[in-house]
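Novice: The numbering of the sequence shown is our numbering, which starts it at -17 and goes up by one. We treat Cβ as the ideally placed atom computed from N, Cα and C, and that holds for glycine.
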Amino acid sequence: MQSFREIANYVKIPGRQDLQVNIFQLVHDWLRNERKGKWILILDNADDAGFLTQAQSTSDIRQTNSMGSGKPLVAYLPQCPNGSILITTRSKSAALKLVEQRDIITVEPMGEVDAQGLLEKKLGRSNESNDAVELVAALEFMPLAIVQAAAYICQRAPRYSVQDYLRDFQRSDRKRMSLLNFEGERLRRDWEAKNSIIITWQISFDHIRKTRPSAADLLSLMSFFDRQGIPESLLQSREEQGNSQQDEKETNDDNHADLTNFTDYDEDSSSQSTIGDRFEKDILALRDYSFISIAADRTFEMHRLVQLATRKWLQAHKQQERWKKQFIKNLDAELPMWDYENWVKCQTLFPHAQSALAQQPEEQDVLRDWASILYKAAWYAREMGKGTEAEEMSIRAMNVRKKILGQEHNSTLASITMVGLVYSLRGQWDAAEQLAVQVMETSKKKLGADDPNTLTSMVNLVSIYYSQRKWDIAEELCMQVMETSKEILGADHPATLISIGYLASIYNNQGRWDAAEELAVQVLETRRKKLGADHPDTLVSMGHLALIYNDQGRWDAAEELAVQVLETRRKKLGADHPHTITSIGNLAITWKKSGRVIQAVRLMEECIEAWKRVLGFEHPNTLASCSALAAWKAELEDDDEDDDDDDDNDDTDDDEGEEGEEGEEMGMEIRSRRGSPTRRRKRLTHVWRDK
-17 MQSFREIANY
-7 VKIPGRQDLQ
3 VNIFQLVHDW
13 LRNERKGKWI
23 LILDNADDAG
33 FLTQAQSTSD
43 IRQTNSMGSG
53 KPLVAYLPQC
63 PNGSILITTR
73 SKSAALKLVE
83 QRDIITVEPM
93 GEVDAQGLLE
103 KKLGRSNESN
113 DAVELVAALE
123 FMPLAIVQAA
133 AYICQRAPRY
143 SVQDYLRDFQ
153 RSDRKRMSLL
163 NFEGERLRRD
173 WEAKNSIIIT
183 WQISFDHIRK
193 TRPSAADLLS
203 LMSFFDRQGI
213 PESLLQSREE
223 QGNSQQDEKE
233 TNDDNHADLT
243 NFTDYDEDSS
253 SQSTIGDRFE
263 KDILALRDYS
273 FISIAADRTF
283 EMHRLVQLAT
293 RKWLQAHKQQ
303 ERWKKQFIKN
313 LDAELPMWDY
323 ENWVKCQTLF
333 PHAQSALAQQ
343 PEEQDVLRDW
353 ASILYKAAWY
363 AREMGKGTEA
373 EEMSIRAMNV
383 RKKILGQEHN
393 STLASITMVG
403 LVYSLRGQWD
413 AAEQLAVQVM
423 ETSKKKLGAD
433 DPNTLTSMVN
443 LVSIYYSQRK
453 WDIAEELCMQ
463 VMETSKEILG
473 ADHPATLISI
483 GYLASIYNNQ
493 GRWDAAEELA
503 VQVLETRRKK
513 LGADHPDTLV
523 SMGHLALIYN
533 DQGRWDAAEE
543 LAVQVLETRR
553 KKLGADHPHT
563 ITSIGNLAIT
573 WKKSGRVIQA
583 VRLMEECIEA
593 WKRVLGFEHP
603 NTLASCSALA
613 AWKAELEDDD
623 EDDDDDDDND
633 DTDDDEGEEG
643 EEGEEMGMEI
653 RSRRGSPTRR
663 RKRLTHVWRD
673 K
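(1) Three or more C-beta pairs under 8 Å: does that hold for the region 448 to 455 against the region 468 to 480?
(2) Could you check the C-alpha separation between W21 and S66 for me, to the nearest Å?
(3) How many Å lie between Q336 and P318 at the Cα?
(4) Taking the straight line between their C-alpha atoms, what separation do you get for A612 and T394?
(5) Output the residue ranges of the alpha helix (DSSP H) runs that lie fully inside the region 422 to 451 and measure 4 residues or longer, sorted by chain position.
(6) What is the DSSP secondary structure of M712, reduced to helix, strand or coil?
(7) Do you know whose CA, among I181, R350, E116 and V419, lies nearest S445's CA?
(8) Can you list, in chain order, the stretches of the alpha helix (DSSP H) that have 4 or more residues and sit fully within the region 306 to 346?
(9) Under the DSSP definition of a beta bridge, which residues are partnered with L407?
(10) Could you tell me whether the Cβ atoms of L162 and A127 are closer together than 8 Å?
(11) Taking the beta carbon of S(-15) as the centre, do at least 16 other beta carbons fall within 10 Å, making it buried, or is it exposed?
(12) Can you tell which of S487, P60 and A338 has its C-alpha closest to the C-alpha of N15?
(13) Contact check, L685 vs D155 under 8 Å by CB: the rounded distance?
(14) Report yes if the C-beta distance between R552 and T562 is below 8 Å; otherwise report no.
(15) From the DSSP secondary-structure annotation, give me the bridge partner or partners of A37.
(16) Hey, could you find the ends of the alpha helix (DSSP H) G99 is sitting in?
(17) Less than 8 Å between CB atoms is the rule here; does A127 satisfy it with respect to chain C?
(18) Using the beta-carbon count (16 or more within 10 Å), is K575 buried or exposed?
(19) Count the other CB atoms, across all protein chains shown, that sit within 10 Å of the CB of L68; report buried if there are 16 or more and exposed otherwise.
(20) For T466 versus L437, is the C-beta spacing smaller than 8 Å?
(21) Are the beta-carbon atoms of D270 and K74 separated by less than 8 Å?
(22) For L25, does the three-state DSSP call read helix, strand or coil?
(23) Please report the distance separating the alpha-carbon of A359 from that of C608.
(24) Would you mind giving the Cβ-Cβ distance between K306 and Q341, rounded to the nearest angstrom? I have them listed as a contact below 8 Å.
(25) Do the region 81 to 95 and the region 132 to 147 meet, that is, are 3 or more Cβ pairs less than 8 Å apart?
(26) What span of residues does the alpha helix (DSSP H) with F6 cover, start to end?
(27) Bridge partners for I398 per DSSP, in chain order?
(28) Please report how far the alpha carbon of D11 lies from the alpha carbon of L34, in whole angstroms.
(29) For D558 versus R595, is the C-beta spacing smaller than 8 Å?
(30) Check this for me: beta carbons of R191 and M284, under 8 Å apart or not?
(31) Take T508 and list the residues in its own chain whose beta-carbon comes closer than 7 Å to its own, dropping the five residues that flank it on each side.
(32) Do P195 and T281 have their C-beta atoms within less than 8 Å of each other?
(33) Comparing C-alpha positions only, which one of H517, K428 and G369 sits nearest to G402?
(34) Restricting to Cα atoms, I'd like to know which of E345, N491, E423 and E549 is closest to D516.
(35) Hey, is L485 close to the ligand ATP, as in C-beta under 7 Å from one of its heavy atoms?
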């Protein structure tokens, strides 16, 4: 009503000073009069259409009689040829209550060029640096956020720059909130308008909390996930879980809980329909306010600044732990252990597990779920060769489990094992061996020497000895595991096949090629029969046999298997999967041994670049591959001087690749031997998880 009175005063409408007059009707009639000229009326931020569409009381319209009483405010907005009305809103639902669908103009997000232009305009100078591009991208091209940032920078210039703002913005959530709460100058703006993007967001959020609390709850839960690729399965059941599932978790580390148990509804068709309807309405409400969007794959996305503002609102209102707890329980229930069959699901959920890493809860029972998420995510990260992420996740999970479960709890031992195997992945053999021995000794004492978990711990230790070229002790322990596994689990059990595969690898490194081939063929045929030709474990066995053929000088047979393994892994796992990169290196070795040195060099260069991307330059895999490549190039340079330099049967000049059988975990190796016998021989073994 205040705005209507201001209009009346500005254009000096007769009768405006009468306190009993219906000011809405007075302005309405004046606007309809074509003799008054053309006009445009702007209704800004009309996110709540209710105040326009609901009938007004007599007191609201300031009249003594009932004439016009009960009419909604929208009825006083004239539709006439001499005037136009522009309504801005973040809510499509509100827009549809005021205009037809055909009259709605969607304002799409600002592009990079326009966003950078806006920043330069507000700064009053051209800024062609990458900092400006990075800043508008960090602000996700939101005009209000860009204007706000420019005002902040200008106020502190010349001692403050775009680079300084970007650095502060990226420093922490706390600093981002401080910057986004800044309200700059109000020049030529409505004095009631808010310059802070956080305050603007809060107005809309408060409205949703008032009109649809369940949608506000959904947004609260979503804010803890990674802001992109949020699947519906993580959100459908949002009520807090009871404690009844904790007992079940004691005996099931995977904790594949049924999300439908989290609701208070009966599980008949009508109640499930009610849940689904409510969820869809909540999603629609959040999408209408542009809090979320729906991707082509039907997953949900949040604006980065909306996510930050929501989390900070929850923190300020002491609701953070409530929704963090629900986020952790939902994610733990949905995230499976890594397995070939769970590959796609793990890949989808891994970013949310990364988000969970920074969301450590306070309650002890939730801490257990949090550690479970990190353990499972570390397993997947290790399989993907993400050594840094795997190490941080596995160590955090191990520390929590040690504290709340004790040193000898099965889950704690599993986490210690995981940390050791991540150390193997990163080439930290001594640390890996120390942890593997600790787990093996504890398992023997607690479970007995013949327990499958104890046998698994022994296989893990074999893999570490193998990676360190401790052939004798590796063979002794491997024989012990193999014989016990055959007796307890059977000759075709995956654990037994692991030990047989490792023994074949050990024999191959000792030059016992016939024995190595016999065992390798046995494992390969069994896996082909039980798992299929394209299963990752079968491919491991094929790669291993190819390397044995290499050592026997059977180049054609070795190349046939190596090519098959590489092509299948590229198709199923991708070019940057560690298994695929191993296959590239092994094929390069096969080509080199068969005399195709130039082709081998090119392929090994491809292998090295891939290792750099995935594991980094300092990883033993990368270094060993570089050493092999350097030796091969030296042979090419010396070839004209000494034909013997390319003699593949000379052990001192031989560059070999070896893909060993795997135990529970992954480590890697390429053997490179060149030069004088006094040179240190480097040997790394490709050790992939083998079930």
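Specialist: With the structure as the only source:
(1) In short, these stretches do not touch, since the Cβ pair count stays below three.
(2) Roughly 6 Å separates the two Cα atoms.
(3) Between Q336 and P318, the C-alpha separation is close to 15 Å.
(4) One C-alpha to the other measures close to 43 Å.
(5) Under the rule that a run must span 4 or more residues, the alpha helix (DSSP H) segments found entirely inside the region 422 to 451 read 434 to 449.
(6) Nothing in the structure corresponds to residue 712, since the chain is present only between -17 and 673.
(7) Minimum Cα distance to S445 is reached at V419.
(8) Complete alpha helix (DSSP H) runs here, min 4: 325 to 339.
(9) DSSP, once it has assigned bridges, lists no residue as partnering L407.
(10) Cβ distance < 8 Å, so L162 and A127 count as in contact.
(11) Classification of S(-15): exposed, given that the 10 Å Cβ count is below 16.
(12) It is P60.
(13) Here the chain has residues from -17 to 673 only, and residue 685 is not among them.
(14) Less than 8 Å divides the Cβ of R552 from the Cβ of T562.
(15) Paired residues: P54.
(16) DSSP places G99 in the uninterrupted alpha helix (DSSP H) bounded by E94 to L105.
(17) Included in the structure is just one protein chain, with no chain C present.
(18) In summary, K575 is buried, with 16 or more beta-carbon neighbours lying within 10 Å of its beta-carbon over all protein chains present.
(19) Exposed, since its Cβ has fewer than 16 Cβ neighbours within 10 Å.
(20) Result yes, Cβ atoms of T466 and L437 sit closer than 8 Å.
(21) Closer than 8 Å, so yes.
(22) DSSP, reduced to helix, strand and coil, places L25 within a strand of the structure shown.
(23) If you draw a straight line from the Cα of A359 to the Cα of C608, it comes to about 30 Å.
(24) Their Cβ separation, rounded to whole angstroms, is 6 Å, which keeps K306 and Q341 in contact under 8 Å.
(25) Touching, no.
(26) Note, F6: alpha helix (DSSP H), I5 to R14.
(27) Answer by DSSP bridge pairing: none, since I398 is not bridged.
(28) Cα to Cα, the separation comes out at about 18 Å.
(29) R595 is positioned such that its CB atom lies closer than 8 Å to that of D558.
(30) Taking 8 Å as the Cβ cut-off, R191 and M284 do not qualify as a contacting pair.
(31) Sequence-distant partners of T508 (beyond 5 residues in either direction) whose C-beta falls short of 7 Å from its own C-beta, in its chain, are D474 and L479.
(32) Result no, Cβ atoms of P195 and T281 do not sit closer than 8 Å.
(33) Closest in C-alpha terms to G402, from the list H517, K428 and G369, comes G369.
(34) With distances taken between Cα atoms, D516 lies closest to E549.
(35) Within the structure as shown, the ligand ATP is missing, as the structure has no ligands at all.
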